[in-house]
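See structure below.
Okay, here's the thing in structure tokens:
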């Protein structure tokens, strides 16, 4: 397994793979890997002969007062986990490699409208940081495919939109959310929860499922379902950023003819901000 820290070493490896007509899949991460990340690696392997996992805690997607400094960095443990699943290369760039002109003069890639609501509203500038760093990774790694998790539903839609709009030759693949036995979506930030909070956090998925059941039973008063779900989560101890029912394709407001919906939510519990979603066919 290759561990690469700079562009020149990465370029040498990519030239060798391309010379052998091998396809490349990229799994972008910020490290602190858990089984959800590993499932994305395994999915990537289904689409390419070579798999690259990037580990970079991207400063431009963290806002003021967020957890950039405290975000868990576990590189040595991550290396061991990735070696076990046969990753071909880990790309661990520094800030200068990713932003050669510095953060203040860095080019920004921005997707309008799709980033205005939900996590975009709760975390201003977050998605500009995400799309800008992903565009850089696509340019550096030149993958044929890139894999992202469904847990970050809005994010994968934004990246898909960016790739199509800019005609980037990358197939964007979405992997299913991996959950703990309780139903809690796996996340690097779950470690901010204590044992009691983890038990409560599992209720987030339960409330999503409950809303999904109501939708499948024929309920179409979306605003009422949203407000009832917010009330239920608040009673459980969450501070809710949003709970919304939207078109799965583009997060638009659904009408009665829409047959595929996403129910998505973000909520704070203790020191953790949790996001989750389910897709519902009606």
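Residue numbers (my numbering): 9 to 290.
Yeah, the Cβ is synthetic: ideal placement off N, Cα and C, and Gly gets one too.
Beta-bridge analysis with DSSP links residue 251 to 273. Approximately 26 Å separates the beta-carbon atoms of residue 219 and residue 167; this is outside 8 Å, ruling out the contact.
Of the residues 268, 198, 217 and 255, the one whose Cα lies closest to the Cα of residue 188 is 198. Taking residue 52 as the centre and dropping the five residues before and after it, the same chain places the C-beta of 33, 35, 59 and 155 closer than 6 Å to its C-beta, in chain order. The beta carbon of residue 238 is closer than 8 Å to those of 248 and 251 in its chain, skipping five residues each way along the sequence.
Bounds of any alpha helix (DSSP H) do not take in residue 150, whose DSSP letter is neither H nor E. Residues 38 and 79 of the same chain have their beta carbon placed closer than 6 Å to that of residue 65, with the five preceding and five following residues left out of the count. When DSSP states are grouped into helix, strand and coil, residue 282 belongs to the strand group.
Contact annotation: residue 255 and residue 266 have beta-carbon atoms nearer than 7 Å. About 4 Å separates the Cβ atoms of residue 152 and residue 31, confirming a contact at the 8 Å cut-off. Per DSSP, reduced to three states, the secondary structure at residue 28 is coil, with no helix or strand assignment. By the beta-carbon neighbour count (other beta carbons within 10 angstroms, threshold 16), residue 272 is buried. For the pair of segments examined, the region 94-101 was found to touch the region 9-22: the number of CB pairs separated by less than 8 Å reaches three. Within the DSSP bridge table, the entry for residue 74 names no partner.
As the crow flies, the alpha-carbon of residue 86 is around 32 Å from that of residue 217. Annotation for residue 214: 191 place their beta carbon closer than 8 Å to its own, counting only its chain and skipping 5 residues before and after. Distances from the CA of residue 289 to each of 261, 242, 233 and 226 were compared; the closest alpha carbon is that of 226. The beta-carbon distance between residue 54 and residue 93, rounded to whole angstroms, is 13 Å. This is too long to meet the 8 Å contact definition. When DSSP assignments are scanned along the region 183-267, the uninterrupted stretches of beta strand (DSSP E) that are 3 or more residues long and fall wholly within it turn out to be 247-255.
Listed in chain order, the alpha helix (DSSP H) elements of length 4 or more contained wholly in the region 111-184 are 127-130, 134-149 and 161-173. Per DSSP, the unbroken beta strand (DSSP E) holding residue 60 starts and ends at 58-63.
Rounded to whole angstroms, the gap between the alpha carbons of residue 269 and residue 261 is 10 Å.
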